[in-house]
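Residue numbers (this note's numbering), protein chains in the order written: chain A, 37 to 628; chain B, 37 to 628.
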């Protein structure tokens, strides 16, 4: 039985009714969360996007409506007209718990089969079921709240940027395939046979062109695409807050973004972050945290003990150092008892994924030092280590001896894992830090050349420009990342606007002039006609929403996400198409 | 010579300075619009996105700066520090015309080659040059203002919808190929070999799923894609304002949208449109205007004279009628003298493009009737025609005799062309009308079956549901278009939420249950679990911006548009890719 709304029009949302509406006639519409039939009374919890309201059907009020209500089951869609009244037994768990609605009219707008997943937040159903029945999963209040937070975050960002004279400008989705960077999603052209568009990895070149065009301040909340193998928390399509400004240097971009971040946290979380946000050079971040996105909510900073153990009898340390390696450690200060030997063995397995050969450790207990390596170290070495690392009773010291990269990777990630394992992180705290002065280049072993760490238009720091030709590895960039609680939320740079400098940059990257022109010709052409100094930033919007909603799974902040094999379990995308469709776009399959 | 900004930071925008800033020290940055060297004084018009400000370099103030200024040419990028002072000769044409800035410091931030197009609004350069050098074209104030209006329009729409509890939800760009409608852009999947995503033609199915999910009110300003041959004012990618609401019928959707349109016109154009907006059924629109998107800014309505001339000696009329045709005309009231015989011949050529065999006409002049067909008509027929069509001195009557479709197409479009030719349309006037009660189906000659005029989920009008099986051509839909000044700005419908009705709809479209399930299975599955009544609308955002900026070319309201052959003259997209790239995505070229 399906009925029409007829004359009924919703007057209130389910979650909005309070005692102040008592005696009012209201019309609610929504889904049946649950129903209980007590014989002469039926109670229905009616749910809409704002919450739940209790509806009472009383057989003494209307036999006809009561009979209809008897047939109602979970997830039926109802329209109810009734009178708000005080509840007999107050439910303090929900905001509408002091009232209920005595039904005078009922329309069953739709029925429902038994849903394959429960509509409640703590339903522990497998994620593939949640994705297949996403429309049911999205009925859960937690999921609706995540999407609403996403909406609000976009609104706050847009309001702020609008107030600051930024213009949102849409850049194309059908763009030119890019010669550098990640793999493009390609789109065959029907009209231009044999040619392809690419979906944008970012609007980087277009936003720089908008600066050349004098648009002055640009932003866009925009979909970007990368056809990379998906790790956890990656999606083939993702959303960026993309920003670019003219007539600016590093401080100007950072200052504007700090005000924006202040607004975001203030309006969405009620948190007033401290301005200016702390800055840390890439070098300092690596030395202290082993990683360029340090989580500053806890200590356990890296300590270099290379000099202390370089002549040690313990060959694992001294031998590594002799081969150009380092020995560094972290002090799990005050939480030594929180990690058992089994835990430490697990941590050792973890650091091996970063290439470490092992994890040395040392516990300071009431009874003295417990450590499998203590016996190889002299008392002086032990004392110096404890001294340097502030080792005291209750502490656990963890060491890696290896090539610098392995040491940093291992300890940088180990820090985070240990803090999570110990459950000492306050998730309501927000620790923001700008990481600055990134290296301009990184060496690509595979290609046997330097590649741009950020992108080839990143401006070197003025004082390092003359190293471009001689010691490119030492050149630092006018680049900055905003790191929040150990996650990189965004990053950007000042761009090169001087064609001469751009040429030197391409040359350092090993491009001939012709290659550079083939790859980026239209941008270089544009730069001939008066380019303002400019720079910007791009935020990972999905990650920001994860942070704001305290979600650990990127798929929880996207309405219709894809799996790690880039499929949509709901619609079945991607799917097969017909030969005719392929013929029209001048391609055929090339399967193995 | 290129200099750094150094300590200089912009204090004002060029277009913002007024006499109230006189004696202030300011820093401006921008492009040289023009420069004039008067020997001991150099005047530079400096341009940024807000406007132009006159800068004076005085050799007696600083010889060094003056020498630098002598080298400055058009489109050089400057940073200037100076003192605002009153101008000697006031320029009333620009808002900053009462002041100028006496330069104390100058940095030449970038030079420019002579630009290939002029940076001024009335530059009549060929469009392909404008598109190739888009970054220069976008320096023109008119283009910048269009993009700013686009930004503002999106902002006003988002503000309104946010206030009304709509949630902006991003739907996927990598979707499942659609079985119905226009041609998809396809994206080969690398991970799922032999399978393809499609770029969305609209988020129609996803927004309906969001209603099933209880999100209640959804919107999105979103890119959509259709791989169709491009006519003027079509682009392969275009932007929609996409809206969907739950627990609504036609009037609810219309009422919400009227309030939104009111805000748009009020805030962006200062026009208060009258609410409620006039409504007109599809049938009435066709009878009166021959077209379902009538321009109501002028008259010239269609008049049926079939009954008057059905027995006429004039066989062109009576013979057509005998074969089931109509004769209808329009009266170009009061503007008969505005169209010469040559003009009328031109109009005849125009209506032939709609299949008309000719255009009969009749002028009422001081000397009586001038008409090549008058001699074939009886005096009674002539008088009846003049009477019916209100023909009077100064009028020109134009007639089409043909099959109804040809008559409507010809006269409906002719009306618009005549009004434009006569230049009687007031472009500041906004005439809005809802067209309602569209036919649910239209007959597809090619496929030999009825197809959905809107889409297969459009709800039929309640009173016509029982005609679905018997006389589908008579079934009207709960569909509505908003037409402004003769352009369809948006359209939508109430959707079917009853699976039984949906089955009857598919059956009327000639789909077996299996076919329907193959095409739309995931939506039909979703509809099993409690679907609210829902409906929505989608606006062509590009068209709306054309209206708001009085632009006739869609490419003028898009930052980086494509040509009619779907290429980007700026970047060269689409372009060739390597064999390796194709191999990775499991396709090869299939060229003729």
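For glycine and all other residues, C-beta sits at the position ideal for the given N, C-alpha and C.
Just so we're clear, the structure is a prediction, and the values are computed from it rather than from any experiment.
- In chain order, 461, 462, 465, 467, 521 place their CB closer than 7 Å to the CB of residue 333 (chain A), counting only its own chain and leaving out the 5 sequence neighbours on each side.
- Taken through DSSP and simplified to helix, strand or coil, residue 221 (chain A) comes out as coil.
- Residues 153, 166, 179 of the same chain have their beta carbon placed closer than 7 Å to that of residue 173 (chain B), with the five preceding and five following residues left out of the count.
- Taking 7 Å as the CB threshold, residue 85 (chain A) lines the interface with chain B.
- Against chain A, the CB of residue 292 (chain B) has no partner CB under 7 Å away; the residue lies outside that interface.
- The Cβ atoms of residue 104 (chain B) and residue 142 (chain B) lie closer than 7 Å to each other.
- Not flagged as an interface residue toward chain A: residue 496 (chain B), since no C-beta distance is shorter than 7 Å.
- Residues are counted here when their Cβ sits less than 8 Å from a Cβ of chain B; for the stretch 142–159 of chain A these are 145, 146, 147, 148, 149, 151, given in chain order.
- Here residue 238 (chain B) is not bridged, per DSSP, to any residue.
- What residue 608 (chain B) touches in chain A, judged by beta-carbon distance under 9 Å, is 212, 557, 558, going in chain order.
- Taking 8 Å as the upper bound for CB-CB distance, residue 534 (chain A) and residue 451 (chain B) are not in contact here, some 58 Å apart.
- The beta-carbon distance between residue 281 (chain B) and residue 292 (chain B), rounded to whole angstroms, is 7 Å. This is short enough to meet the 8 Å contact definition.
- Among the CB atoms of chain B, one or more fall inside 7 Å of the CB of residue 230 (chain A).
- If you draw a straight line from the Cα of residue 81 (chain B) to the Cα of residue 58 (chain B), it is about 18 Å long.
- By the neighbour-count definition (other C-beta atoms within 10 Å, threshold 16), residue 360 (chain A) is an exposed residue.
- Counting the other CB atoms within 10 Å of its CB gives residue 552 (chain A) a total of 16 or more, which places it among the buried residues.
- Assignment of beta strand (DSSP E) within the stretch 419–455 of chain A, counting only whole runs of 3 or more residues, yields 432–438 in chain order.
- In this model, residue 371 (chain A) and residue 435 (chain A) are separated by some 16 Å (Cα to Cα).
- Apart from the 5 residues on each side of it in sequence, residue 601 (chain B) sits with its Cβ closer than 8 Å to the Cβ of 266 in its chain, given in chain order.
- The beta carbon of residue 538 (chain A) sits closer than 6 Å to the beta carbons of 532 from its chain, once the five residues preceding and following it are set aside; these are given in chain order.
- Taking the Cβ atoms as the reference, residue 427 (chain B) lies roughly 7 Å from residue 421 (chain B), within the contact range of under 8 Å.
- For residue 475 (chain A), DSSP records a beta bridge to A:512.
- By the Cβ test, the stretch 481–500 of chain B is in contact with the stretch 510–520 of chain B, since at least three Cβ pairs between them sit closer than 8 Å.
- In this model, residue 469 (chain B) and residue 366 (chain B) are separated by some 21 Å (Cα to Cα).
- For residue 87 (chain A), the enclosing beta strand (DSSP E) has its first and last residue at 87–94.
- Contacts between residue 453 (chain A) and chain B, judged by CB atoms closer than 9 Å, are missing: the closest CB pair is about 29 Å apart.
- Residues 345, 363, 437 of the same chain have their beta carbon placed closer than 7 Å to that of residue 353 (chain B), with the five preceding and five following residues left out of the count.
- By the Cβ neighbour-count rule, residue 64 (chain B) is buried, with 16 or more other Cβ atoms within 10 Å of its own.
- If you look at residue 321 (chain A), you'll find it in the alpha helix (DSSP H) that goes 318–325.
- Secondary structure at residue 525 (chain B): strand, using DSSP grouped into helix, strand and coil.
- Secondary structure of residue 595 (chain A) (DSSP, three-state): coil.
- Here residue 161 (chain B) has 153 as same chain residues with Cβ atoms under 6 Å from its own Cβ, once five neighbours each way along the sequence are excluded.
- Residue burial is scored here from C-beta neighbours: residue 275 (chain A) has at least 16 other C-beta atoms within 10 angstroms and is therefore classed as buried.
- Within chain A, the residues placing a beta-carbon under 7 Å from that of residue 567 (chain B) are 113, 146, ordered along the chain.
- Pairing residue 472 (chain A) with residue 95 (chain B), the inter-Cα distance amounts to about 42 Å.
- Between residue 144 (chain B) and residue 110 (chain B), the CB-CB gap reaches or exceeds 7 Å.
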